[in-house]
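Residue numbers (the numbering used here): 70 to 141.
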């Protein structure tokens with residue numbers, strides 16, 4: 070378990086160590102004034118179970134991703 074501080078300087082909170090096995094078969098990215106949200110759908114290759122993960126990416130993170138993609 071990892072402990073992180075809230076971005077606004079609030080109380081620390083526990084972040085469980087989570088791993089998803091399988092492959093991403095569908096994903097989307099939506100942007101807004103607060104950065105971007107990446108939504109990934111994964112399918113477990115053994116059980117066929119489908120999971121959905123949403124990740125909020127702040128403006129600095131979105132800018133970093135854009136720079137990395139521009140270099141491809």
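All residues carry an ideal CB built from backbone N, CA and C; glycine is no exception.
Closest by C-alpha distance to residue 102, when choosing among 127, 92, 90, 141 | Indexing the chain shown from 1 puts residue 102 at position 33. Ranking 127, 92, 90, 141 by Cα distance to residue 102 puts 127 first.
Limits of the beta strand (DSSP E) - the one that residue 125 falls within = As a working note, residue 125 is residue 56 in the chain shown. First-last of the beta strand (DSSP E) with residue 125: 119 to 126.
When the Cα atoms are used, what is the spatial distance from residue 141 to residue 133?
-> Taking the first residue of the chain shown as position 1, residue 141 is located at position 72. Taking the first residue of the chain shown as position 1, residue 133 is located at position 64. Answer to the nearest angstrom: the Cα atoms are 13 Å apart.
Residues that DSSP places opposite residue 111 in a beta bridge | As a first step, residue 111 is located in the chain shown; it is residue number 42 there, counting from the start. Paired residues: 93, 120.
Within 8 Å, strictly: CB atoms of residue 104 and residue 139 | Here the question's residue 104 lines up with position 35 in the chain shown. Here the question's residue 139 lines up with position 70 in the chain shown. For residue 104 and residue 139, no; Cβs fall outside 8 Å.
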